[in-house]
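Position 1 of the sequence shown, counted from 1, bears residue number 1 in the UniProt record's numbering, the numbering being contiguous throughout.
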Amino acid sequence: MKTLYHFSKILGGFAMQNVYFNHDGNVDDLVSLLLLLQMPNVNLLGVGVIDADGYVDPASSASRKIVDRFGHPDRKPAAIAKSNSRAAHQFPKEWRLSAFSFDDFPILNEHGQPETPLAQLPAHLDMVEKINQSDQKVKLVMTGPLTDLARALQADPTIVNNIDALYWMGGAMNSQGNVAEPGQDGTMEWNAYWDAEAVKTVWDSPINITMVGLDSTDQVPLTRELRSRWARQRKHPALDLIGQGYSLVHSFEANSTYYLWDVLTTLVSNYPDLVDSINVKSDVISTGAAQGRTFITDQGRDITFVTNVHAEQFFDKIDELAKLADH
Numbered sequence: 001m002k003t004l005y006h007f008s009k010i011l012g013g014f015a016m017q018n019v020y021f022n023h024d025g026n027v028d029d030l031v032s033l034l035l036l037l038q039m040p041n042v043n044l045l046g047v048g049v050i051d052a053d054g055y056v057d058p059a060s061s062a063s064r065k066i067v068d069r070f071g072h073p074d075r076k077p078a079a080i081a082k083s084n085s086r087a088a089h090q091f092p093k094e095w096r097l098s099a100f101s102f103d104d105f106p107i108l109n110e111h112g113q114p115e116t117p118l119a120q121l122p123a124h125l126d127m128v129e130k131i132n133q134s135d136q137k138v139k140l141v142m143t144g145p146l147t148d149l150a151r152a153l154q155a156d157p158t159i160v161n162n163i164d165a166l167y168w169m170g171g172a173m174n175s176q177g178n179v180a181e182p183g184q185d186g187t188m189e190w191n192a193y194w195d196a197e198a199v200k201t202v203w204d205s206p207i208n209i210t211m212v213g214l215d216s217t218d219q220v221p222l223t224r225e226l227r228s229r230w231a232r233q234r235k236h237p238a239l240d241l242i243g244q245g246y247s248l249v250h251s252f253e254a255n256s257t258y259y260l261w262d263v264l265t266t267l268v269s270n271y272p273d274l275v276d277s278i279n280v281k282s283d284v285i286s287t288g289a290a291q292g293r294t295f296i297t298d299q300g301r302d303i304t305f306v307t308n309v310h311a312e313q314f315f316d317k318i319d320e321l322a323k324l325a326d327h
């Protein structure tokens, strides 16, 4: 039956894709994991969690519980890999605390301790192993810093031969970043600033890159209307969890808004028609007051750059995928 199932998916235009997901543990990352697990054509080979926008221990624990509760037996990761990578510049601790609360949600804890284990290897080596073992080229979805990929490339440069593409939430091409730290010029995005040298390492590799930066993620803000939309659908367990998750995040700073940065990247990786993209040549500044800045330059390398979001279709796709978890 399993063979027939996969054959029927291929005939229906849903050929299975092997995906490795690496995230940094905030609400948006955990919702991304939940949605990846529902995509009918995605075989999630592995999940790595890095200690960046969320604390790695509760984020790893919450990831294990999400896989237990919402994963499909024939296409879910066997383990969650915890990263031992460390920041060049760590996120503010106030942003990172949501991982603890998310890990404590009753819907993730009603069945006791998580059954999905932690991987024996750290996340960058788990990534190397899963890529090398894959019988087809692997799609990488990364919603945090690129450090684990940079370390994976250093550990085994040949993995590039079995990587189909990288979809990364990071960077900004308009020099309007979201980092306001002493000694920095404010042109960079936080995932890039966390470890700018890692971004440069990946940019200097031959991997096909789709960049989902602040330029497009700023088009999908978390609004009161969106919170209400999920609240009205809380009879669906996954939408209930999504609504609970985003109830943890509020932007109290002046002119500050929370956006669905990581969920946009995750959905773009499988549903590119949700956005408009262009091909550009770009590079990365890895040192100095602008370290982490991504910019367009004729001397740069080719990437696919997301420019515009079809927002209503995007929000509809979130609902559609979340409702698949009912079954």
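By construction, the Cβ of each residue, glycine as well, lies at the ideal position given by its N, Cα and C atoms.
query	result
Let's see if you can read the secondary structure: which residues bound the alpha helix (DSSP H) around histidine 89?	Note, histidine 89: premise wrong, no alpha helix (DSSP H); not H, not E.
Which residue from Leu214, Asp240 and Arg301 puts its Cα closest to that of tyrosine 259?	Leu214
Buried or exposed: which applies to histidine 250, given that a residue is buried once 16 or more other Cβ atoms fall within 10 Å of its Cβ?	exposed
Within the continuous alpha helix (DSSP H) that includes glutamine 176, where are the two ends?	Looking at the DSSP string, glutamine 176 is not in any alpha helix (DSSP H), and its letter there is neither H nor E.
Taking residue 339 as the reference, give the member of Leu34, Leu121 and Asp283 with the closest Cα.	Past the edges of the chain, shown from 1 to 327, lies residue 339, and the structure says nothing about it.
Return the first residue and the last residue of the beta strand (DSSP E) that arginine 301 is part of.	301-309
Out of curiosity, what's the CA-to-CA distance linking asparagine 22 and isoleucine 131?	13 angstroms
Between leucine 97 and aspartate 135, what straight-line distance do the alpha-carbon atoms span, to the nearest angstrom?	38 angstroms
Suppose the cutoff is 7 angstroms on Cβ atoms and the five residues either side in sequence are ignored; what does the same chain contact list for leucine 321 look like?	Leu35, Gln38 and Met39
Which runs of the beta strand (DSSP E), 3 residues or longer, sit entirely within the segment 124-206?	138-142 and 163-169
Pick out whichever of Phe295, His111 and His310 has its Cα sitting closest to the Cα of isoleucine 303.	Phe295
Is it buried or exposed, asparagine 279, if we count other Cβ atoms within 10 angstroms and call 16 or more buried?	exposed
Over what stretch of residues does the alpha helix (DSSP H) that includes asparagine 109 continue unbroken?	106-109
If the criterion is Cβ atoms closer than 8 angstroms, does the pair aspartate 24 and glycine 170 meet it?	no
Can you check the segment 210-249 for any alpha helix (DSSP H) of at least 4 residues that lies completely inside it and give the ranges in chain order?	214-217, 224-231 and 237-246
Quick one, which of Leu118, Ile50, Gln113 and Glu115 has its alpha-carbon nearest glutamine 90's?	Ile50
If you draw a straight line from the alpha carbon of glutamate 253 to that of alanine 150, how long is it in whole angstroms?	For glutamate 253, the pLDDT reaches just 48, beneath the cut-off of 50, and the residue's location in the model is therefore unreliable, leaving the point undetermined.
Measuring CA to CA, which of Met211, Arg64, Asn18 and Pro92 is closest to glutamine 133?	Asn18
Please classify alanine 119: does DSSP put it in a helix, a strand, or coil?	coil
Is the beta carbon of valine 309 less than 8 angstroms from the beta carbon of valine 263?	no
Nearest to alanine 198 by alpha carbon, out of Ala88, Ala79 and Asp29?	Ala88
Give me whichever residues DSSP pairs with serine 277 in a beta bridge.	Val306
By Cβ distance below 6 angstroms, which residues in the same chain neighbour proline 114 in space, the five residues on each side in sequence not counted?	Arg64, Lys65 and Asp68
Would you tell me roughly how many angstroms separate the C-alpha atoms of alanine 79 and valine 47, rounded to the nearest one?	7 angstroms
In chain order, what residues of the same chain have a beta carbon less than 8 angstroms from the beta carbon of isoleucine 242, not counting five sequence neighbours either side?	Val31, Leu34, Trp230, Ile318 and Ala322
From histidine 111 to asparagine 43, what distance separates their C-alpha atoms?	25 angstroms
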